[in-house]
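Here the structure comes first, spelled out in C-alpha cells, and everything after it is commentary.
Protein chains in written order, with the working numbering: chain A, 8 to 376; chain B, 8 to 376.
Below you can see the structure in the form of C-alpha cells.
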C-alpha cells in the first residue's frame, strides 16, 4: 500500500502518528495551509517549505472552473503544476458549490450551479468530483458531500443520508487507491446520534481515512467542542482523522486533545491580508496606531523570516501603504505560528504533557491582550 | 572619504567602475530596482539579494507623506527600517511632486502641493528635501530639481536656471558628505547647449556624483539617444553618472554605450503586475492564450527562481486567477533579467566586446516575437 497510517503514540484521546503518502510522510497532528487556486496566497512553495509545511490543501471547485482539471493533468498534475513536491489534499468541491456558487438545483444525483467567476452553468456529481480530483492528482482526495447548517436537525438528517449515498458512489467511482487515498466525510451537525449513524455508514465503505465535516460552519465554539468530544472517537483508531476547515489556534488545541490528526484552514493567510497576526497572547492587528514606532518583531521567540527580520513598525507601514509584501510577510508568520503550534503539540504527546501545553497555551492565548 | 568612484575600465565611452559607499561597493554599470514606499513591490529583501541586487532606490515624496521621514529616522534609518543592508539611493521628491501631486504653487523658493493620498497640503523646498533625505539616511541622495517637458525650450531654460539655484541651496544645506553623497542633477531637455550650461553650473558645486534628469519623460527614443550622445560626456569622468528613471533593456544598453554608470526604474516590477515579462526576444505578456499549455519557463537560460521552478502555463494561471504570487514571481524574473543584463555589459566592457554584446542583444530583443 502506498498509504498507511502508523499510530506512534497516544496520550488520552490525542494521537501522534505518521501518515505515509506517495509524496512523503505526514507527521500528525498536522496543519495544512490552503492553496485555493493552486497557490497559497502570496507565499511561494520555496518559502512554504522553509516554514516546515508538509501538506497543502487545494480546492477542486476553484481549479475545476479555472484553469480546469484537464489542463492540470496535462501539465503533469497538481504537484508538478504548482511545484509542491510534498503531499497535497484536494477537497471535493462540495463545500464551495454550496457556499460560493449560485445553486440552480440540488437533487440526489448532484448539484447544478453557476460559477462565481462568470456565471457559467456547471454540474457536480460524486462521479464528476472523483474524475476532477483524479485529474488534479492530489495524494488525499475527498468524497463529494453535503455540508448543512449544523443545528437544523431535519436538514442535517437529510444531508447525512445524501452524504452516505454519495460516499458509496465516490467509493465505486474511485479506483486507484494506491495513487490517491479517498477519505469519507462524517456529517451530522451537532447531533451525536446523527454523527454516529454517519460514521457507521462510512465505516462500511472501508476508507483509508475519515474527515469530520460540518463543523466550524456557524455553531458556537462550545457546541463544536462538545461534538468533537464524541465524534472523533466514532472513527476508526487505525486511520487518520481530518477536521475540515478548522485552523484557529485554540480550536486546533481542543481538537488535537480530542483525537484529530489533520487540519486545514484559510485563516492564517486570510487574516494576514487584513493585517492580523497570531501571537501567543492572542491575535493582534498590526495596523493599529500603537505599533507605529514598535521596533519589536511580531513575536520575540518566533523563528520565521518575518519575525527574524522586520519590526512591527515596518510591517504596520506596509499594511497602511497597502504594499503587497505585507500579505507575504504576515502570511509567513501566521502559517509558521500554526505549524509550530502543531509541532509543539506533537512533541507534548510524546512527552505526555499535552494537557499542560494546551492549558498554558489557551490561558495565554485567550486572555485579553 | 566614505565615497569614492574608481574607474576600473573604459571601452569607448562606456565605463566599468566601482562606487564605494558606506553600505558596500556598487559595481557599475548598475541597475537599481525601485522600492517606492521602502519596499520593492512584492519582493522581500531576502529575494532581492538573491537576484544580485546591490542598489535600491526609494522615493522621498512617498516616504515623506507616509510614514514620514522622522519615523524612519527614529527606527534607525531606511536601511534598518526596510532591512536592506546594501546601498540605497533616494530621489529628491521633485519628480513626484511635479507628476503625482496637485500643485498649488511653484516659485523660486519651492513648491506647494497637495498629497495624492489624502489631499493634505505640503511644501517642498531644496532645504526640506535635504532634511527629509538626511532623516531617511540613504547613501546617495539627490538635489531637489525641476524636471520639465524635454522639448519646450523656454520651459526647459527656466527649469535649468531653477535647478541650478536649487542645487546650490541643496549643496549649502547638506553637510555630511561622509555619510551621504549628494548628487547634482543635469537638466536641459533635448537641447545640447542647455545640457552644457546645466553641467557647467553643477560642476562648480563639486558634487560626488551627477545625474542626468529630464529624459525618458516623453521624448522619442532617438531624441533620448541623441541627447545622451553628448550629455553624459559633459559630466566629470571621475564621478559616477546616473541616468534617472530609465530601465527598458534596450535603453540600458544604449546608455551604457554612452557612458552612464547608474540606472533606476519601476519598469520591471510595474510591468510584472500587468503580466508582462522580459525575454531575450522582447517583452511578452504571460497571460496570452498561447501560453495556456506551455511547459517551458519564461526564459530557458535564466537563473532566477521563477524560471528555475515554474512553467509559463502555471504563471499564466496565476495571472488569470489574479493571484498575488504572480506579482512576486514575475517581478523576480524581470529584476533578474535587468541585473544580469548589466552584469553581462560590465563583463563585455572588460573584455572589449561591448558593441558586439549590445548589437546582438538589440537585434534579438527588438525583433518582433
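Heads up, the beta-carbon is just placed ideally off N, CA and C, and yes, glycines get one too.
Please read these numbers as outputs of a predicted model, since none were measured by experiment.
Item                                                                                                                                                                                : Value
Can you tell me whether residue 217 of chain A is helix, strand or coil according to DSSP?                                                                                          : strand
Give the DSSP bridge partners of residue 32 of chain A, in chain order.                                                                                                             : A/27
Please tell me whether residue 299 of chain B has its Cβ less than 8 Å away from any Cβ of chain A.                                                                                 : yes
Sorted by chain position, which residues of the same chain lie with C-beta nearer than 6 Å to residue 343 of chain A's C-beta, five sequence neighbours on each side aside?         : 58 and 311
Under 8 Å between beta-carbons, which chain B residues line up against residue 264 of chain A? List them in chain order, please.                                                    : By Cβ distance, chain B contributes nothing, its closest Cβ being about 35 Å from residue 264 of chain A, past 8 Å.
In the DSSP output, what is residue 234 of chain B paired with across the bridge?                                                                                                   : For residue 234 of chain B, which the question treats as bridged, DSSP gives no partner whatsoever.
Can you give me, in chain order, the residues of the segment 87-117 of chain A that have a beta carbon less than 7 Å from any beta carbon in chain B?                               : 88, 89 and 90
Can you tell me the Cβ-Cβ gap for residue 372 of chain A and residue 351 of chain A, rounded? I've got them flagged as a contact below 8 Å.                                         : Not quite, the Cβ-Cβ distance comes to about 12 Å (not below 8 Å), so this is no contact.
Any residues in the segment 307-331 of chain B with a beta carbon nearer than 7 Å to a beta carbon of chain A? Which ones, in chain order?                                          : 312, 316, 317, 318, 320, 321, 324, 325, 327, 328, 330 and 331
Buried or exposed: residue 56 of chain B, going by 16 or more other Cβ atoms within 10 Å of its Cβ?                                                                                 : exposed
Would you mind giving the Cβ-Cβ distance between residue 143 of chain B and residue 300 of chain A, rounded to the nearest angstrom? I have them listed as a contact below 8 Å.     : At roughly 16 Å, the Cβ-Cβ gap does not stay under 8 Å, so residue 143 of chain B and residue 300 of chain A are not in contact.
Give the DSSP-derived three-state secondary structure of residue 111 of chain A in the structure shown.                                                                             : strand
Taking DSSP as the reference, what is the three-state secondary structure of residue 198 of chain B?                                                                                : coil
In or out: residue 197 of chain A buried (at least 16 other Cβ within 10 Å) or exposed?                                                                                             : buried
Is there a Cβ from chain A that is less than 8 Å from the Cβ of residue 46 of chain B?                                                                                              : yes
In this structure, does DSSP put residue 13 of chain A in helix, strand or coil?                                                                                                    : strand
Anything in the segment 127-139 of chain A with a Cβ closer than 9 Å to a Cβ of chain B? List those residues in chain order, please.                                                : none
Under 8 Å: do the segment 75-91 of chain A and the segment 112-121 of chain A share three or more Cβ pairs, one atom per stretch?                                                   : no
Would the beta-carbon of residue 145 of chain A fall within 8 Å of that of residue 187 of chain A?                                                                                  : yes
Note the first and the last residue of the continuous alpha helix (DSSP H) segment covering residue 89 of chain B.                                                                  : 85-89
Kindly list, in the order they appear in chain A, the residues whose Cβ is closer than 7 Å to that of residue 343 of chain B.                                                       : Residues of chain A passing the Cβ test: none, with the nearest at roughly 15 Å.
Under a Cβ-count criterion, where at least 16 other Cβ atoms within 10 Å of its own Cβ denotes burial, should residue 231 of chain B be classed as buried or exposed?               : buried
Tell me where the alpha helix (DSSP H) around residue 54 of chain A begins and ends.                                                                                                : 52-57
Tell me the rounded alpha-carbon separation between residue 325 of chain A and residue 284 of chain A.                                                                              : 14 Å
I need the boundaries of the alpha helix (DSSP H) containing residue 154 of chain B, first residue and last residue.                                                                : Note, residue 154 of chain B: premise wrong, no alpha helix (DSSP H); not H, not E.
Taking one C-beta from the segment 247-255 of chain A and one from the segment 217-232 of chain A each time, how about it: are there three or more such pairs within less than 8 Å? : yes
Alpha carbon to alpha carbon, what distance is there between residue 156 of chain A and residue 125 of chain B?                                                                     : 44 Å
So which of A/287, A/215 and A/341 has the shortest CA-CA distance to residue 150 of chain A?                                                                                       : A/215
What's the C-alpha gap between residue 335 of chain A and residue 289 of chain A?                                                                                                   : 20 Å
For residue 129 of chain B versus residue 107 of chain B, is the C-beta distance shorter than 8 Å?                                                                                  : no
Please confirm whether residue 122 of chain A has its beta-carbon closer than 8 Å to some beta-carbon of chain B.                                                                   : no
Can the beta-carbon of residue 345 of chain A be found closer than 8 Å to that of residue 38 of chain A?                                                                            : yes
Using the C-alpha atoms, what's the distance from residue 259 of chain A back to residue 357 of chain A?                                                                            : 17 Å
Note down, in chain order, each residue of its chain lying with its Cβ closer than 7 Å to the Cβ of residue 92 of chain B, except the 5 sequence neighbours on either side.         : 30 and 86
Determine the burial state of residue 293 of chain B: buried for a count of at least 16 other Cβ atoms within 10 Å of its Cβ, exposed for fewer.                                    : buried
Which residues of the segment 140-153 of chain A have a Cβ closer than 9 Å to any Cβ of chain B? Give them in chain order.                                                          : none
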